[in-house]
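J.: To start, I am sharing the structure in question, which I have written as structure tokens.
In structure tokens:
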């Protein structure tokens, strides 16, 4: 009987050892799973950090792209504006070179005599001047309206000198020496005037 008791006790010890071994295995398995979870969490953390870095890099690149597009649009608008200005004022120097011809024709009318032949010549020159002015107007060149006795404007008039005048108030235009012209709202040549004192 004692043998049986020893066997029973030995079986119990064996069972207890099995149970402890099983618990130890379960505990090791749980520890391994926990370690795996920690590894996964570390990997997830590493991936998340890389994603944040990538997001920051993508955001920076998007900002640079938007700035480059804005710069391109600004350059495009400026070039378009420069092109329009160049087209609008392309004939400016040509028109400026024609003004002395017009001045010469106007002086010819004033210099012509009073006989019948001179009257015919004046009429022909006057028609030529009118035709000349129509062509200039058609291409954006127009005369600056300047009247004797009118107000002097330094932006469109060039004062050559002062003269005494009994009829015109001081500081006003006393005489027009040469007409001024504008080309597409830009002064081509200011009017040359004498100012009364």
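Residue numbers (full-length UniProt numbering): 1 to 197.
Quick reminder that beta carbons are idealized off the backbone N, C-alpha and C, glycines included.
Only a predicted model underlies this, so the values are computations on that prediction, with no experimental measurement involved.
Is residue 123 helix, strand or coil by DSSP?
T.: The sequence position of residue 123 within the chain shown is 123, counting from 1. Looking at residue 123 - three-state DSSP - the assignment turns out to be helix.
J.: Is there contact here, the stretch 117-126 with the stretch 158-166, by at least three beta-carbon pairs under 8 Å?
T.: At 8 Å Cβ cutoff, the stretches do not touch.
J.: Along the chain, where does the beta strand (DSSP E) containing residue 174 start, and where does it finish?
T.: If you number the chain shown from 1, residue 174 lands on position 174. It spans 173-178 - the beta strand (DSSP E) in which residue 174 sits, taken as one unbroken run.
J.: Going by beta-carbon coordinates alone, are residue 144 and residue 129 separated by less than 9 Å?
T.: Locating residue 144 in the chain shown gives position 144, counting from the first residue. Locating residue 129 in the chain shown gives position 129, counting from the first residue. For residue 144 and residue 129, no; Cβs fall outside 9 Å.
J.: Using 10 angstroms around the beta-carbon of residue 196, count the other beta-carbons present and answer buried if the total reaches 16, otherwise exposed.
T.: Position 196 of the chain shown, counting from 1, holds the residue named residue 196. That one is buried.
J.: Between residue 86 and residue 141, is the Cβ-Cβ spacing less than 9 Å?
T.: What you label residue 86 is simply residue 86 of the chain shown in a count that begins at 1. What you label residue 141 is simply residue 141 of the chain shown in a count that begins at 1. The answer is no: Cβ separation not under 9 Å.
J.: What number of angstroms, rounded off, separates the C-alpha of residue 198 from the C-alpha of residue 114?
T.: An answer regarding residue 198 cannot be provided, because it is not within the stretch 1 to 197 covered by the chain.
J.: Note the first and the last residue of the continuous beta strand (DSSP E) segment covering residue 191.
T.: Here residue 191 refers to the residue found at position 191 when the chain shown is read from its first residue. Per DSSP, residue 191 belongs to the beta strand (DSSP E) from 191-196.
J.: With distance defined between alpha-carbon atoms, name the residue in 91, 84, 62, 177 nearest to residue 183.
T.: Start at 1 with the first residue of the chain shown, and residue 183 comes out as number 183. Ranking the options by Cα distance to residue 183, first place goes to 91.
J.: How many angstroms separate the CA atom of residue 52 from the CA atom of residue 75?
T.: Here residue 52 refers to the residue found at position 52 when the chain shown is read from its first residue. Here residue 75 refers to the residue found at position 75 when the chain shown is read from its first residue. Residue 52 and residue 75: Cα-Cα distance of roughly 34 Å.
J.: Pick helix, strand or coil for residue 75, following the three-state DSSP scheme.
T.: Translated into positions along the chain shown, residue 75 becomes position 75. Residue 75 falls in the helix class under three-state DSSP.
J.: Expressed to the nearest angstrom, what Euclidean distance is found between the alpha-carbon atoms of residue 211 and residue 107?
T.: Absent from the model: residue 211. The displayed extent of the chain is 1 to 197, so no value can be given.
J.: Leaving out five residues before and five after residue 176 in sequence, what residues of the same chain have Cβ atoms less than 6 Å from its Cβ?
T.: Translated into the one-based positions of the chain shown, residue 176 becomes position 176. Closer than 6 Å at Cβ, skipping near neighbours: 146, 193.
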